[in-house]
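The structure appears below as structure tokens.
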Amino acid sequence: MKIVLLGPPGAGKGTQAQRLQESFGLKHLSTGDMLRAEVASSSPIGTQAKAIMERGELVPDQILIDMIAEPTKQPDAARGILLDGFPRTVAQAEALDRMLAGRGQKLDRVIQLVVDNDAMVERIAGRYACAKCAAGYHDTNRKPKTAGVCDSCGGSQFVRRPDDKPETARTRLEAYDRQTAPLLPYYKSRGVLSEVDGMAAIDEVTRRIGTLLKAA
Ligand code: AP5
Numbered sequence: 045m046k047i048v049l050l051g052p053p054g055a056g057k058g059t060q061a062q063r064l065q066e067s068f069g070l071k072h073l074s075t076g077d078m079l080r081a082e083v084a085s086s087s088p089i090g091t092q093a094k095a096i097m098e099r100g101e102l103v104p105d106q107i108l109i110d111m112i113a114e115p116t117k118q119p120d121a122a123r124g125i126l127l128d129g130f131p132r133t134v135a136q137a138e139a140l141d142r143m144l145a146g147r148g149q150k151l152d153r154v155i156q157l158v159v160d161n162d163a164m165v166e167r168i169a170g171r172y173a174c175a176k177c178a179a180g181y182h183d184t185n186r187k188p189k190t191a192g193v194c195d196s197c198g199g200s201q202f203v204r205r206p207d208d209k210p211e212t213a214r215t216r217l218e219a220y221d222r223q224t225a226p227l228l229p230y231y232k233s234r235g236v237l238s239e240v241d242g243m244a245a246i247d248e249v250t251r252r253i254g255t256l257l258k259a260a
């Protein structure tokens, strides 16, 4: 099964991908996480991507196309892949179609998380994570049970993404509207697009996506 999760920053792609990879045995590939690992290791790609990501803009297409090629053909991707954050432009979508077709494969479903953009700034700007185990929290929606202590590992250090500042979140949302939203008609015309209300409760969103994947 080859699945794409599509939606603006903060729509819940990462949250849902974490849950779905376990229940459906899919390999979760987040290009945002892959790029952040490149930045953390100060690799040539990371060095090039760092400033672009901090401005909230998109990293050049060819870097992402090359980055996704290898992990999608590894043995652990045989049962299926769940793409989170890729493709993000029509050029990336076309490259993905060519890549899969070259392996005799195709996308089974593209799930669009439909959300209210104004609410996304609040979701993103309030988000933080445990520095030790990466468990996710939010200033108002999901606080640790004991203030300042991670529920999962007991850690007491927390981090925020440098691109989660409100002004950068707005630039990221604009980039989505301008460069990624054109993927909606692209996938609709291919008959693989399904909409899910991303403003519903997290469990309910998981349930609705699960129903679509079972039918895929
Ligand atoms: P990336 O890491 O992909 O970030 P993003 O798309 O901006 O998405 P986010 O991770 O912010 O949000 P999400 O949809 O995963 O939501 P989450 O589940 O975390 O990309 C970062 C950057 O890398 C890009 O800006 C770009 O520069 C570069 N990049 C990456 N891929 C690229 C590509 N293909 N091409 C070019 N450049 C690329 O949820 C957010 C918050 O909301 C959390 O606190 C969560 O708990 C909460 N939440 C989730 N669902 C719900 C719900 N239903 N109700 C209430 N709260 C919810």
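Following our numbering, the numbering of the sequence shown begins with 45 at its first residue and continues without gaps. We put the CB at the ideal spot given by N, CA and C, even for glycine.
With fewer than 16 other Cβ atoms from the protein chains shown falling within 10 Å of its own Cβ, Pro229 counts as exposed. For Ser86, the three-state secondary structure derived from DSSP is coil.
Beyond the five residues adjoining it in sequence on each side, Asp105 comes within less than 7 angstroms, by CB distance, of Thr133, Ala135, Gln136 in the same chain, given in chain order. Separation of Leu79 and Leu127 (C-alpha to C-alpha, rounded to the nearest whole angstrom) is 14 angstroms. With contacts defined as CB atoms closer than 8 angstroms, Leu257 and Met97 fail to qualify as a contacting pair.
Where Gln156 is concerned, the enclosing beta strand (DSSP E) starts and stops at 153–158. For Ala173, DSSP records a beta bridge to Gly180, Val203. Excluding its 5 nearest sequence neighbours in each direction, Asp120 has C-beta neighbours in its own chain below 8 angstroms: Lys71, listed in chain order. Taking every protein chain shown into account, the CB of Lys57 has 16 or more other CB atoms within 10 angstroms, so this residue is buried. Annotation for Asp207 indicates a beta carbon within 7 angstroms of some heavy atom of ligand 1. In this structure Thr255 is exposed. Its beta-carbon is surrounded by fewer than 16 other beta-carbon atoms within 10 angstroms. Beta-bridge partners of Arg234 (DSSP): none assigned. Rounded to whole angstroms, the Cβ separation of Ala260 and Arg147 is 18 angstroms, and the two are not in contact under 8 angstroms. Judged by DSSP in its simplified three-state form, Asp195 adopts coil rather than helix or strand.
Here the region 165–176 lies against the region 211–230, with 3 or more beta-carbon pairs under 8 angstroms apart.
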